[in-house]
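First residue of the sequence shown: 969, per this note's numbering; consecutive thereafter.
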Amino acid sequence: MKLFLTGLIRGVIPFVILLIMSLWTKLQGSVETSNTFFFYGVIAFFLGLTSIIYQINQWSFKKQIITHYGAMLITVFPTLLFSGFYPLNSFVDLLKIYLNFNLTGIMLFFLSYFLFKVINSVRTE
């Protein structure tokens, strides 16, 4: 339960900040920018919430990766589809979004993996 609350806090904080920015820009009359902040907030919420998957020490790294990917696929991917960030007029557009989703995920995975490796090696020295 403690781990879930940690994830919830990690997700709620950026969501609230981006939601405030969304509401502020909407009050200023910029609906498109407001929507962008809102969807960024939703994505940040899901990323923060699911970040705890890598802290479940009983799970293998492979299980953590697969679970995290599945969670992103059922949360962030539909958010991208509903956000209007990408044109979605055909099945080909859907495949392009899916490919972009996966490429971005792979890049972020390796970037964060190596970053945490470096941070942990500096801590142990």
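Positions of the beta carbon are idealized from the N, C-alpha and C atoms, including for glycine. Keep in mind it's a predicted model, so treat the numbers as computed, not measured.
Exposure of residue i, with buried meaning 16 or more beta-carbon neighbours within 10 Å
i	result
residue 969	exposed
residue 1028	exposed
residue 979	buried
residue 1040	buried
residue 1086	exposed
residue 1072	exposed
residue 999	exposed
residue 1092	exposed
residue 1090	exposed
residue 1044	buried
Segment limits, alpha helix (DSSP H) that includes residue i
i	result
residue 1009	999-1018
residue 1075	1059-1092
residue 992	970-995
residue 1042	1029-1051
Proximity of residue i and residue j at Cβ, strictly below 8 Å
i	j	result
residue 1050	residue 1009	no
residue 1032	residue 1042	no
residue 974	residue 1011	no
residue 1083	residue 1069	no
residue 1076	residue 1065	no
residue 1006	residue 987	yes
Closest residue to residue i among the options (Cα-Cα distance)
i	options	result
residue 1016	1082, 976 and 1060	976
residue 1002	1068, 1012 and 991	991
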